[in-house]
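*Asks:* Respectively, the protein sequence lines represent chains A and B. First residue of the first sequence: 1, per this note's numbering; consecutive thereafter. First residue of the second sequence: 1, per this note's numbering; consecutive thereafter. For reference, the structure I am asking about is given below.
2 protein chains.
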Amino acid sequence: MADSTRPPTPPGGPRGPEPRYGNRPTMKDVAARAGVGLKTVSRVVNGEPGVTPDTERRVQEAIESLGFRRNDSARVLRKGRTASIGLVLEDLADPFYGPLSRAVEEVARAHGALLINGSSAEDPEREQELALALCARRVDGLIVIPAGDDHRYLEPEMKAGVATVFVDRPPGRIDADVVLSDSFGGARAGVAHLIAHGHRRIAFIGDQPRIHTAVERLRGYRAAMEDAGLVIDDSWVALGSTAPERVQEAVKSVLAGPEPVTAIFAGNNRVTVTAVRVLAGHDQRVALVGFDDIELADLLGITVIAQDAAALGRTAAERLFRRLDGVNDEPAQVALETVLVPRGSGEIPPPS
Amino acid sequence: MADSTRPPTPPGGPRGPEPRYGNRPTMKDVAARAGVGLKTVSRVVNGEPGVTPDTERRVQEAIESLGFRRNDSARVLRKGRTASIGLVLEDLADPFYGPLSRAVEEVARAHGALLINGSSAEDPEREQELALALCARRVDGLIVIPAGDDHRYLEPEMKAGVATVFVDRPPGRIDADVVLSDSFGGARAGVAHLIAHGHRRIAFIGDQPRIHTAVERLRGYRAAMEDAGLVIDDSWVALGSTAPERVQEAVKSVLAGPEPVTAIFAGNNRVTVTAVRVLAGHDQRVALVGFDDIELADLLGITVIAQDAAALGRTAAERLFRRLDGVNDEPAQVALETVLVPRGSGEIPPPS
DNA sequence: CATTCCCCTGACAACGTTGTCCAGGGCCTA
DNA sequence: TAGGCCCTGGACAACGTTGTCAGGGGAATG
Chain A
1 MADSTRPPTP
11 PGGPRGPEPR
21 YGNRPTMKDV
31 AARAGVGLKT
41 VSRVVNGEPG
51 VTPDTERRVQ
61 EAIESLGFRR
71 NDSARVLRKG
81 RTASIGLVLE
91 DLADPFYGPL
101 SRAVEEVARA
111 HGALLINGSS
121 AEDPEREQEL
131 ALALCARRVD
141 GLIVIPAGDD
151 HRYLEPEMKA
161 GVATVFVDRP
171 PGRIDADVVL
181 SDSFGGARAG
191 VAHLIAHGHR
201 RIAFIGDQPR
211 IHTAVERLRG
221 YRAAMEDAGL
231 VIDDSWVALG
241 STAPERVQEA
251 VKSVLAGPEP
261 VTAIFAGNNR
271 VTVTAVRVLA
281 GHDQRVALVG
291 FDDIELADLL
301 GITVIAQDAA
311 ALGRTAAERL
321 FRRLDGVNDE
331 PAQVALETVL
341 VPRGSGEIPP
351 PS
Chain B
1 MADSTRPPTP
11 PGGPRGPEPR
21 YGNRPTMKDV
31 AARAGVGLKT
41 VSRVVNGEPG
51 VTPDTERRVQ
61 EAIESLGFRR
71 NDSARVLRKG
81 RTASIGLVLE
91 DLADPFYGPL
101 SRAVEEVARA
111 HGALLINGSS
121 AEDPEREQEL
131 ALALCARRVD
141 GLIVIPAGDD
151 HRYLEPEMKA
161 GVATVFVDRP
171 PGRIDADVVL
181 SDSFGGARAG
191 VAHLIAHGHR
201 RIAFIGDQPR
211 IHTAVERLRG
221 YRAAMEDAGL
231 VIDDSWVALG
241 STAPERVQEA
251 VKSVLAGPEP
261 VTAIFAGNNR
271 VTVTAVRVLA
281 GHDQRVALVG
291 FDDIELADLL
301 GITVIAQDAA
311 ALGRTAAERL
321 FRRLDGVNDE
331 PAQVALETVL
341 VPRGSGEIPP
351 PS
């Protein structure tokens, strides 16, 4: 049946892309089914006033029988807000970041927003890639745990209105909100604790010097030593990857030689864990204080400088939403206190 | 200059919503700046062929000077695919789910997709809310760690083309892919291990009976006991919340009375942690085997049935992407083996 | 009974992108 | 030199939703 009634294929007639969402029903379909207008469906879906109970019921029925679900992509496109925020962190599998992420999620949820998080794996390039991908998705705000030390790439985004807060480490080369733990003060207190228990030769084993917290903690260590008038031997300090093999080597190294250290300050949770393992196989008792608390550390008697990961996340998220709510003061830096938790390993005296 | 040339405000003239994205530049702006057509910009942005190097350079310059970033919402709307998958889990802060989520993320990344994950907090309603919110964002696929036991609410979504895989626990009342650990076999092996070391009175402390893995592990416990011809006293079995206080009470209860148990099987990582804490303060040595491995368990000498959380996540994600790539076989159930890791606590003999 | 007002509903454009098609110009071939 | 082809670039519609506005009908009021 060659019909001349069918429109003769419009001039620049697009056909649309292929896959579609398995042909999901749209508001238009719902409207047709319910015998109402498109906008009425929109009103029902969004709970807007001005719809007769009877009409609403018909629309609801159509929605259910078709299995309709609003397409948020279209909604976002139209409204300009995604009600979602992004979180770029280092590694979700790290027991430090899990609680932090969860805390952010809870705050987001309280504000009706969804959290999208991604792991940078401590790779600056991947951090940037992720952060920009989140911006392309038009997250309303961004929380970043920096892996890199240059965040100018975020400037256009921030100028375009993406609220941004940095956590755990400050941003590089830009001015922005940042929430962090007092790494310097915590490390200083931890090392002072060891000194107070009689130690004079204390090692510091930490993360790569590229990482701000690692540097700050080292600075705290140096300050505490200096406060006590102690001179640091370069061989006591090891900065680098926190991979178990390297840390193991570093611990063994500071314990070797004619004048081994009598105490170790571990720069973060991963270093602490490996250090504990090595020390467990060591014949001499060595004091240890670690930065970051660890599960079961109480049973193992590990003295730590505890920081509150959840509080970091919560504080950052609250700051972010304050900005999203229109508060527009100067970028500020918030430092959260750390707590020294003595459990035994930090109170071991040096061998007499 | 009152100009009559300006269109006299179109009849039903919409003004558009207010906030917008802080007035971000669009492809149209870039095109105007570069003096090219809209589609040419699109071509450059997407690396499509058919653009002169010179034109491309001009467009790139315009993009950079304007700080343009493609709006993925619009792209998604047009293309029908979001290149993102959703993961609904119980709690990101739980050290079991962190690695699982991370493994899923890596697989997604390898497929060029973004992962959006949310915590259900073990609340069925919240699980549904989250899963449906992800569907509204039109994730291409969904990985769910069930909190509830009825997932029929996902049927319309699956029919509409959302690939769905369940992990760690099977879905309720629908047929779908599922990847889980062998809870039954693992628990049975763990309890058999205790029996082999001479125990006859063994307690089981687990999660709520609403949760599939809890039931399976209990079943494994019963099977092992039956295999050995041992009769279980009801007072040895405690199922309920894994909140520390409750577990603490349960442990104390099975250790009290004239005929206390001599060994405990802990149903998951949280139970194990609390049990270890309680046993550390107990005067009698009590054997313990826990389901799930725990960080530092090696140092504490805790015998566990280890399951590989990362492998669970990886397997599920791979299955998901196979479906997204068009493979369309029957829903299947995959069970991953567990491993008994003897470390001391499970080898403690009963008091003679 | 006429008029006013309000409530409910629907038509329409626009959000920013991509797929399709067409136009124009340059180059090669006959 | 003319014809045809290929390559580049642009116009346009459409994805599914929401904001704006106008129209119709019923109730309330004069």
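Beta carbons: idealized from backbone N, C-alpha and C, even for Gly. Since the model is a prediction, treat every value here as computed from it, not as a measurement.
Residue ranges of each beta strand (DSSP E) run of no fewer than 3 residues wholly in the region 147-172 of chain A, ordered along the chain?
*Replies:* 163-167
*Asks:* Report the neighbours of A/Gly-240 on chain B: residues whose CB is nearer than 8 Å to its CB, in chain order.
*Replies:* Residues of chain B whose Cβ lies closer than 8 Å to the Cβ of A/Gly-240 do not exist; the shortest such Cβ separation is about 22 Å.
*Asks:* Check whether the Cβ atoms of A/Phe-265 and A/Ile-202 sit closer than 8 Å, and answer yes or no.
*Replies:* The answer is yes: Cβ separation under 8 Å.
*Asks:* CA-CA distance, A/Leu-100 and A/Gly-86?
*Replies:* 13 Å
*Asks:* According to DSSP, is B/Ile-195 helix, strand or coil?
*Replies:* helix
*Asks:* Who are the neighbours of A/Pro-99 on chain B, taking C-beta pairs under 7 Å?
*Replies:* Ala-93
*Asks:* Any C-beta of chain A within less than 9 Å: which residues of the region 157-171 of chain B qualify?
*Replies:* Glu-157, Lys-159, Ala-160, Gly-161 and Val-162
*Asks:* Can the beta-carbon of B/Arg-169 be found less than 8 Å from the beta-carbon of B/His-212?
*Replies:* yes
*Asks:* Would you kindly work out how many angstroms separate the C-alpha atoms of A/Gly-344 and A/Val-286, rounded to a whole number?
*Replies:* 11 Å
*Asks:* Drop a sphere of 10 angstroms on the beta-carbon of A/Gly-290, count the other beta-carbons inside from all chains shown, and report buried for 16 or more, exposed for fewer.
*Replies:* buried
*Asks:* Would a check of beta-carbon distances place B/Val-59 closer than 8 Å to chain A?
*Replies:* Chain A, which has no Cβ nearer than 8 Å to the Cβ of B/Val-59, makes this no.
*Asks:* Using 8 Å as the threshold, is the C-beta distance between B/Leu-340 and B/Ala-189 below it?
*Replies:* yes
*Asks:* I'd like the span of the alpha helix (DSSP H) that includes B/Val-215, first residue to last.
*Replies:* In the DSSP assignment, B/Val-215 falls within the alpha helix (DSSP H) that extends over 212-227.
*Asks:* Assuming A/Thr-242 and A/Arg-270 are in contact, meaning their beta carbons sit under 8 Å apart, how far apart are those beta carbons, in whole angstroms?
*Replies:* 4 Å
*Asks:* Let me make sure I understand the geometry here. Which of B/Phe-321, B/Val-139 and B/Ala-275 has the alpha-carbon closest to that of B/Gln-248?
*Replies:* B/Ala-275
*Asks:* Short check: CB of A/Gly-220 to CB of A/Gly-186, under 8 Å?
*Replies:* Going by C-beta atoms, A/Gly-220 is nearer than 8 Å to A/Gly-186.
*Asks:* Chain A partners of B/Ala-280, CB-CB under 8 Å?
*Replies:* Leu-299
*Asks:* Would you kindly check if the distance between the Cβ of B/Ile-143 and the Cβ of B/Leu-320 is under 8 Å?
*Replies:* yes
*Asks:* Mind listing which residues of the region 261-287 of chain B have their C-beta closer than 8 Å to chain A's C-betas, in chain order?
*Replies:* Val-273, Val-276, Arg-277 and Ala-280
*Asks:* Near B/Val-251, which residues of its chain fall below 6 Å by C-beta distance, leaving aside the five closest residues on each side in sequence?
*Replies:* Ala-275 and Val-278
*Asks:* Taking A/Val-41 as the query, report the chain B residues whose CB atoms sit under 8 Å from its CB, ordered along the chain.
*Replies:* Those within 8 Å of A/Val-41 in chain B number zero; the least Cβ separation is about 15 Å.
*Asks:* Give the residues of chain A in contact with B/Gly-141, contact being defined as C-beta atoms less than 8 Å apart.
*Replies:* Ordered by position in chain A, no residue passes the 8 Å Cβ test against B/Gly-141, which lies about 12 Å from the chain.
*Asks:* Looking at B/Ala-93: is its Cβ nearer than 8 Å to the Cβ of A/Leu-299?
*Replies:* Taking 8 Å as the Cβ cut-off, B/Ala-93 and A/Leu-299 do not qualify as a contacting pair.
*Asks:* So which of A/Val-44, A/Asn-117, A/Val-162 and A/Ala-110 has the shortest CA-CA distance to A/Gly-326?
*Replies:* The shortest C-alpha separation from A/Gly-326 is found at A/Val-162.
*Asks:* Name, please, each residue of chain A whose Cβ falls closer than 8 Å to the Cβ of B/Gly-47.
*Replies:* Under the 8 Å cutoff, chain A gives no residues; its nearest Cβ is about 15 Å from B/Gly-47.
*Asks:* Does the beta carbon of A/Asp-72 sit closer than 8 Å to a beta carbon anywhere in chain B?
*Replies:* yes
*Asks:* Is B/Ser-181 near B/Leu-336, with beta carbons less than 8 Å apart?
*Replies:* yes
*Asks:* Can you tell me where the beta strand (DSSP E) with A/Thr-303 in it begins and where it stops?
*Replies:* 303-306
*Asks:* Counting only beta-carbon separations shorter than 8 Å, does A/Leu-77 have a partner in chain B?
*Replies:* With 8 Å as the cut-off, A/Leu-77 counts as an interface residue toward chain B.
*Asks:* Taking the straight line between their C-alpha atoms, what separation do you get for B/Ala-317 and A/Pro-53?
*Replies:* 44 Å
*Asks:* So what's A/Phe-68 in DSSP terms, helix, strand or just coil?
*Replies:* Coil.
*Asks:* Using only alpha-carbon positions, find the residue among A/Asp-234, A/Arg-102 and A/Cys-135 that is nearest to B/Ala-121.
*Replies:* A/Arg-102
*Asks:* For a test of the three-state rule: what should DSSP assign to B/Val-339, helix, strand or coil?
*Replies:* For B/Val-339, the secondary structure class from DSSP, reduced to helix, strand or coil, is strand.
*Asks:* I want to verify the contact list: residues of chain A whose CB lies under 8 Å from the CB of B/Leu-132, in sequence order.
*Replies:* Per Cβ cutoff of 8 Å: Arg-69.
*Asks:* Taking 8 Å as the threshold (beta carbon to beta carbon), is B/Leu-114 in contact with chain A?
*Replies:* Yes, contact with chain A.
*Asks:* Do A/Ile-302 and A/Thr-272 have their C-beta atoms closer together than 8 Å?
*Replies:* Closer than 8 Å, so yes.
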